[in-house]
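Engineer:
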Amino acid sequence: MIKKCSNCGKEDEHHAKGLCYNCYKKLSWKPKIVVCKRCGRQMPSHAKGLCEGCYNFVFHLDKTKASNQKRKYGLNMENYKKITEKCIICNFDKIIDLHHLDQNKNNNSETNLVGLCPNHHKMLHDYRYRSEMFNLLREKGFIIPEDKKIDFKFN
Numbered sequence: 046m047i048k049k050c051s052n053c054g055k056e057d058e059h060h061a062k063g064l065c066y067n068c069y070k071k072l073s074w075k076p077k078i079v080v081c082k083r084c085g086r087q088m089p090s091h092a093k094g095l096c097e098g099c100y101n102f103v104f105h106l107d108k109t110k111a112s113n114q115k116r117k118y119g120l121n122m123e124n125y126k127k128i129t130e131k132c133i134i135c136n137f138d139k140i141i142d143l144h145h146l147d148q149n150k151n152n153n154s155e156t157n158l159v160g161l162c163p164n165h166h167k168m169l170h171d172y173r174y175r176s177e178m179f180n181l182l183r184e185k186g187f188i189i190p191e192d193k194k195i196d197f198k199f200n
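Right under this line is the structure:
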């Protein structure tokens with residue numbers, strides 16, 4: 046039902062109290078303030094006793110992860126899950142990092158990406174263990190670019 050809003054005068058669909066939807070949201074609608082069950086902050090309630098951030102974290106985590114992977118790596122969620130299913134070295138499957146073999150974060154081809162547990166990922170970035178990790182990855186069938194070694198010359 047189209048009516049004239051009593052606040053802004055715009056002819057729009059009537060929502061409630063003689064106001065259009067926008068004016069009703071601005072003037073009349075006050076969200077219920079609750080203590081969030083998850084984070085404990087006093088925030089407007091979104092649903093199920095949670096603030097908006099906690100609600101999205103609890104109920105939409107997979108969608109958020111998929112969106113982030115698409116934006117950051119250009120991967121769809123199925124490929125990301127396949128790559129990060131388990132650590133290539135030790136088969137650990139709880140927390141898996143995505144590593145670029147050529148260390149070029151812009152090269153997101155599936156042959157350049159490998160899933161590693163945090164320990165092996167850290168070892169790969171530590172120069173003391175890098176050659177050992179590269180040898181393990183070569184044994185698993187991955188093509189590793191030549192390691193760029195920097196020779197320090199002391200005078």
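Going by this note's numbering, the sequence shown opens with residue 46, and the numbers climb by one from there. Each residue gets a CB set at the ideal place from its N, CA and C atoms; glycine is no exception.
1. Quick one: complete alpha helix (DSSP H) runs, 4+ long, within the stretch 120-198?
2. DSSP on Lys48, reduced to helix/strand/coil?
3. Would you be able to state if there are at least three C-beta pairs under 8 angstroms between the stretch 137-145 and the stretch 91-111?
4. Do you know whose CA, among Ile189, Ser90, Asp57, Tyr69, lies nearest Asn157's CA?
5. Using 10 angstroms around the beta-carbon of Met178, count the other beta-carbons present and answer buried if the total reaches 16, otherwise exposed.
6. Going by CA-CA distance only, name the one from Asn121, Asn164, Leu182, Phe102 that's closest to Asp138.
7. If I measure Cβ to Cβ from Cys162 and keep anything under 7 angstroms in the same chain, skipping five residues before and after, which residues do I get?
8. When you compare the CB positions of Gln114 and Leu120, do they come within less than 8 angstroms of one another, or not?
9. Asn101 by DSSP, collapsed to three states: which one?
10. Relative to the alpha-carbon of Lys102, which residue among Leu72, Met88, Arg83 has its alpha-carbon at the smallest distance?
Structural biologist: According to the structure shown:
1. Listed in chain order, they are 122-128, 163-170, 175-184.
2. In the structure shown, the three-state DSSP call for Lys48 is strand.
3. no
4. The shortest Cα separation from Asn157 among Ile189, Ser90, Asp57, Tyr69 belongs to Ile189.
5. buried
6. Asn164
7. These residues qualify, in order along the chain: Cys132, Cys135, Phe137, Ile140, Ile141.
8. Taking a C-beta distance under 8 angstroms as the contact criterion, Gln114 and Leu120 qualify as a contact pair.
9. helix
10. Here the sequence assigns Phe to residue 102, which means Lys is not the residue at that position. Ranking the options by Cα distance to Phe102, first place goes to Arg83.
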